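Let me begin by presenting the structure, written as structure tokens, before commenting on it.
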Amino acid sequence: MTIRSFLLLLGLSLASLAQAQQYPPGSTDIKAGQGTVRVNTGYVSHFNAHSFHVYSFQYRPTASDAVWNQLPLLPRNDAPPAEFLVKATATADFPLRDARVVVEGSNVALYIAELTFKDTPYDDNATVELKRYVLKQQPDEERWVLVLDSTRRLPQGTDVTQALAKLPSR
42 MTIRSFLLLL GLSLASLAQA QQYPPGSTDI KAGQGTVRVN TGYVSHFNAH
92 SFHVYSFQYR PTASDAVWNQ LPLLPRNDAP PAEFLVKATA TADFPLRDAR
142 VVVEGSNVAL YIAELTFKDT PYDDNATVEL KRYVLKQQPD EERWVLVLDS
192 TRRLPQGTDV TQALAKLPSR
């Protein structure tokens, strides 16, 4: 019984190593010229290969009385908030979806790289789609949001890890 328990714990700990994850569990603060972006990372365990990490994003402007804003992801500037979380997933062999925050001069961008495929992630025609969201303050409100700025398909053979690694350093 002890050996079986040990092997189960070992298997569970190794399974989490294969997960896609740009940020460690907990909170990571990323300083930008106009404020701080906080990436909150949590792990959702199903005790199998279907476990995953979840990111949520907050932003606090540099003003002394500023509060933390939960950042929704919007498909366009005037859309209602629909998503507040980004799920980072992987097969046992490679990441399927992950995200990274990048400070680009005076802008803050969130990139989400996702492997798209017809039948399985192992398909020869699988490609990565890279979405770029930009941090913006909505003009009619004092609310900060991440708005989809662009979507592009990367060359075949590029994986999720490579797509995010090619972005500028944080």
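Counting the sequence shown from 1 gives a position; my numbering is that position plus 41. Note that the Cβ used here is the ideal one computed from N, Cα and C, for glycine as well. What you are looking at is a predicted structure, and each value in this text was computed from that prediction instead of being measured.
Residue i lies in the alpha helix (DSSP H); which residues open and close that run?
{"i": "A107", "result": "Element bounds for A107: n/a, residue is neither H nor E."}
In terms of residue numbering, what span does the beta strand (DSSP E) encompassing residue i cover?
{"i": "L205", "result": "No beta strand (DSSP E) holds L205; the alpha helix (DSSP H) holding it covers V201 to A206."}
{"i": "F98", "result": "F93 to P102"}
{"i": "G83", "result": "G76 to V85"}
{"i": "Y152", "result": "N148 to T157"}
Report back the beta-carbon spacing between residue i and residue j to the nearest angstrom; my notes put them in contact at under 8 Å.
{"i": "T82", "j": "Y64", "result": "5 Å"}
{"i": "E155", "j": "R138", "result": "4 Å"}
{"i": "Q150", "j": "R173", "result": "Per the sequence presented here, residue 150 reads as Ala, with Gln not at that position. That pair is a contact at about 6 Å."}
{"i": "V143", "j": "Y96", "result": "Between Y96 and V143 the Cβ distance is about 14 Å, and since that is not below 8 Å, they are no contact."}
{"i": "L208", "j": "Y152", "result": "6 Å"}
Whose CA, out of the options, lies closest to the CA of residue i?
{"i": "F41", "options": "P66, T202, G67 and L208", "result": "This structure leaves residue 41 out entirely; the chain is present only between 42 and 211."}
{"i": "W18", "options": "A140, H91 and P113", "result": "No information on residue 18 is available, as it lies outside the stretch 42 to 211 that the chain covers here."}
{"i": "L189", "options": "V175, P196, L195 and D181", "result": "V175"}
{"i": "Q99", "options": "Q75, Q111, D119 and Q197", "result": "Q111"}
Between residue i and residue j, what straight-line distance do the alpha-carbon atoms span, to the nearest angstrom?
{"i": "T199", "j": "A167", "result": "9 Å"}
Are the C-beta of residue i and some C-beta of chain B separated by less than 9 Å?
{"i": "L156", "result": "Of the protein chains in the structure, only one exists, and it is not chain B."}
Indicate whether the contact test is met: 3 or more Cβ pairs, each with one atom in the region 85-99 and one in the region 161-168, closer than 8 Å. These segments do not touch.
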